[in-house]
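Visitor:
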């Protein structure tokens with residue numbers, strides 16, 4: 001959840017991370033998550049609009065970018081950061097990028113461009129609590145307008161979190 005809080009903080013100040021991936025979520029000595037590598041982050045006064053565009057420099061890890069960015073590399077929004085956040089949560093659920101398969105729409109270009117939602121259920125490990133799998137799927141919505149804001153992700157996690165859960169950072 002702390003990664004989502006950090007991203008919410010950035011978005012609230014008009015900054016897109018644009019390179020959010022598990023390797024850029026650091027855990028400090030107290031177990032707190034910190035967002036790192038803001039090298040391709042972009043501040044934009046127009047970011048108050050959820051769909052504000054910024055110039056992409058092409059540095060993003062392709063495994064973590066939203067489908068719409070593959071169609072138009074010049075497009076980055078708060079929604080694309082949220083998609084990447086969902087990929088970070090997925091990687092946490094899988095345990096490492098090599099232990100699981102990438103979501104189905106990474107396997108065929110047709111799915112990328114079909115414009116419809118992709119069923120992700122088989123890609124999320126079965127032992128992932130359903131309430132967290134739901135958050136991941138919400139972040140992964142194909143249509144950027146249907147993805148939550150970081151604030152909505154934080155609120156949803158607060159609603160479903162069990163005090164013993166350490167699953168989402």
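In UniProt numbering, the protein residues as written are 1 to 169. We put the CB at the ideal spot given by N, CA and C, even for glycine. What you are looking at is a predicted structure, and each value in this text was computed from that prediction instead of being measured.
1. Given a cut-off of 7 Å on the beta-carbon distance, is the pair residue 93 and residue 129 in contact?
2. Whole angstroms are fine: how far does the CA of residue 10 sit from the CA of residue 17?
3. What does the Cβ neighbour count give for residue 24, buried or exposed, with the cut at 16 atoms within 10 Å?
4. If you follow the beta strand (DSSP E) that residue 33 is part of, which residue opens it and which one closes it?
5. For residue 82 and residue 160, what's the separation of their Cα atoms in angstroms?
6. Quick one: what does DSSP say residue 124 is sitting in, helix, strand or coil?
7. Assuming residue 26 is part of the alpha helix (DSSP H), what are its boundary residues?
8. In this structure, does DSSP put residue 16 in helix, strand or coil?
9. The alpha helix (DSSP H) that contains residue 158, what's its start and end?
Guide: This is what the structure gives:
1. Contact: no.
2. Each residue's Cα considered, the two are about 7 Å apart.
3. Label assigned to residue 24: buried.
4. Following the DSSP letters along the chain, one finds residue 33 inside the beta strand (DSSP E) bounded by residues 33-35.
5. Take the alpha-carbon of residue 82 and the one of residue 160: they are about 19 Å apart.
6. Here DSSP, grouped into helix, strand and coil, assigns residue 124 to coil.
7. Counting along the chain, no alpha helix (DSSP H) covers residue 26; the unbroken beta strand (DSSP E) around it starts and ends at 25-27.
8. Strand, per DSSP.
9. Residue 158 -> alpha helix (DSSP H) spans 150-160.
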